[in-house]
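For the sequence shown, the positions run 1 to 443 when full-length UniProt numbering is used.
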Amino acid sequence: MDLGGLDGMSGGELLDHVDALARVQRETDVAILQAAYQHAVIHDADSIPSWQLRAPGGERPRRFGGVGTPLVAEFSPATLGGRLGISTHAARALMADAVDIRHRLSRIQARVVTGQAKVSYARFVARKTRDLTVEQADYVDERVEESVDGRLPWTRFVTLVEAAIKASDPDAAAAREDAEARRQFATPTHSTEDGMRGFYVRAPFPVISKLDAAVAFFAMVLAHLGDARSEDERRVTAVLVLANPVHAMDLLRRYQHWVAAQHPEAGKPTVDLADLMPAVVVYVHMYAGTDSDLVARVEDHGPQTETWIRQHLGPHARFTVQPVLAIEGQAPVDGYEAPDRQRQAVHLMGPADSFPHSPSLSRGQQLDHTIAYRKGKAAKGAGQTRIGNLGKLTVLHHRIKTFAGWQVQQPFPGIHVWRDPFGALYLVDHTGTRRLGEHDRAA
């Protein structure tokens, strides 16, 4: 492979080169999108010869985009696809996205033109809003337009768009959820490969959460009782155990005796079998004091309407209503470990990993002291563990911060400014990640 002079670059020079390549790629994506739109303009409904319209099987005008977009000659994607090296179907999708962005998503269109949008993000919004009304598409456009610059990782951006779509018409969203709720099944797959076969379950997420917890629990029980196989193998056996209630009860009793044996001071086994089973906790963020059907955020499961929460989560769960946590005014502590209320406050202030472009929203992340914790006399009375000096990090990103030369400051609670080892700056807050300074690629 010809490295084209790359082998002579230093680490910083190579990253600057990558910056330039990314800028060119982004500009090229915009140019192709604009060309696709102009291709649709040139090949409008009037461009179709009249004889084609009269001929059986001849070309017809089609609406590639959503309501409010112009008609386009249906054969026109073929030539565009040929030049781009993509299929006719893919070229039609590109043209549809282009006309939707131009005619239905004016705010995103403005950001595309100025280079402040990732085309892939803009196209996703166009595709997801295609079946919405003009007014609903405009609502989504307003809600997500600032995030099309890529500040949010892809999975979090998808969740944002889906939530905005539900909020644009909660009644329609509730109807879709109700229709999907009826599409439940538990069935084996048709294909068998080398003696192996799958089993697919489609059900409301609380059902799947309970099933997953039960499988994980019995896999753990098997391990405690001496099963040395891999976790995946034990999970499959756990499914088999669940399929046989007699076997499951027998295994629970054996585990009950094992638990008692670990604590001989307790005497005979007194643990209730029901108490051995795992509890499933689902965090639901809802709005209070309104009569309208709003969109709730279910951690690890995405947005759902409040109607869905009541109708489908309600029968499977007992709700504990927690008041809004006052993030400001939380008392600092001198100890290294953050109290539960501080951990909760940090999660609510910024549920994502605070490292640039991280998609993780897990509650199980580590809490990092932005200014490194000092032990001994320096810890007394310093209140080092406090809101404004804590940030969520995955284990990998915590290690990168500690050992790989990255630096971070938190000028305001929940706002992190990162500097990589080569000087590039990133601002991370609840809206996502943005580049700062001379390396900022936004026009």
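Every residue gets a Cβ at the ideal spot worked out from N, C-alpha and C, and that includes glycine. These figures come from a predicted structure and were not determined experimentally.
| query | result |
| --- | --- |
| Spatial distance of residue 70 from residue 156 (CA atoms) | 32 angstroms |
| Residue 269 in three-state terms, based on DSSP | Caution is warranted here: a pLDDT of 46 is assigned to residue 269, below 50, making its placement in the model unreliable, and the coordinate value is therefore given only provisionally. Residue 269: coil per DSSP, three-state reduction. |
| Cβ-heavy atom distance, residue 309 to the ligand FMN, below 7 angstroms | The model on display carries no ligand, and the ligand FMN is accordingly not part of it. |
| Rounded straight-line distance, which links the Cα of residue 315 to that of residue 253 | 29 angstroms |
| CB-CB length for residue 107 against residue 145, believed under 8 angstroms | 4 angstroms |
| Straight-line Cα distance separating residue 97 from residue 352 | 30 angstroms |
| 8 angstroms contact criterion, which residue 16 and residue 66 should meet: CB distance rounded | That belief does not hold up - the Cβ atoms of residue 16 and residue 66 are roughly 41 angstroms apart, past 8 angstroms. |
| Helix, strand or coil at residue 60 [DSSP, three-state] | coil |
| Short Cβ contact (8 angstroms threshold) for residue 393 with residue 429 | no |
| Simplified DSSP assignment, three categories, for residue 392 | strand |
| Runs of alpha helix (DSSP H) lying entirely within the region 119-176, each at least 4 residues, in chain order | 119-128, 134-144, 154-168 |
| Enclosing alpha helix (DSSP H) for residue 406 [first to last residue] | Here residue 406 belongs to no alpha helix (DSSP H), and DSSP marks it neither H nor E. |
| Inter-residue spacing [alpha-carbon to alpha-carbon] between residue 269 and residue 251 | Confidence in residue 269 is poor, its pLDDT being 46 and thus under 50, which makes the residue's placement too unreliable to answer from. |
| Option nearest residue 169 by Cα separation, candidates 52, 154, 140 | 140 |
| Completely contained beta strand (DSSP E) runs for the region 361-390, where each covers 3 or more residues | 366-369 |
| Residue 93 classed as buried or exposed, judged by whether at least 16 other C-beta atoms fall within 10 angstroms | buried |
| In DSSP terms, what residue 359 is bridged to | Per DSSP, none; premise fails for residue 359. |
| C-alpha distance - residue 271 paired with residue 260, whole-angstrom precision | Residue placement at residue 271 cannot be trusted, given a pLDDT of 45 that sits under 50; what the coordinates show is reported in the next sentence. About 8 angstroms. |
| Whole-angstrom distance between residue 400 and residue 418, CA atom to CA atom | 12 angstroms |
| Residue 207 and residue 235 closer than 8 angstroms at C-beta | no |
| Beta-carbon proximity list for residue 258, same chain, < 7 angstroms, skipping 5 on both sides | 224, 225 |
| Uninterrupted alpha helix (DSSP H) stretches inside the region 210-254 (no shorter than 4 residues) | 231-242 |
| Nearest-angstrom Cα separation, counted from residue 161 out to residue 125 | 7 angstroms |
| Residue of 434, 416, 356, 28 minimising C-alpha distance to residue 113 | 28 |
| DSSP-derived helix/strand/coil call for residue 337 | coil |
| Test item: CB-CB of residue 149 and residue 117 under 8 angstroms | yes |
| Residue range of the alpha helix (DSSP H) that includes residue 103 | 88-104 |
| Residue 433, buried or exposed, once every other Cβ within 10 Å from all chains shown has been counted against 16 | buried |
| Reference residue 36, options 142, 72, 20, closest by Cα | 72 |
| Residue 404 classed as buried or exposed, judged by whether at least 16 other C-beta atoms fall within 10 angstroms | exposed |
| Alpha-carbon to alpha-carbon, residue 285 and residue 202 | 24 angstroms |
| Given residue 244 as reference, the closest of 204, 256, 263, 218 once Cα atoms are compared | 218 |
| Residue span of the alpha helix (DSSP H) that contains residue 39, given as start and end | 11-42 |
| CA nearest to the CA of residue 391, picked from 360, 421, 213 | 360 |
| N- and C-terminal bounds of the beta strand (DSSP E) containing residue 304 | 302-305 |
| Residues of its chain near residue 52, where Cβ-Cβ distance is below 7 angstroms and the 5 sequence neighbours each way are ignored | 58, 59 |
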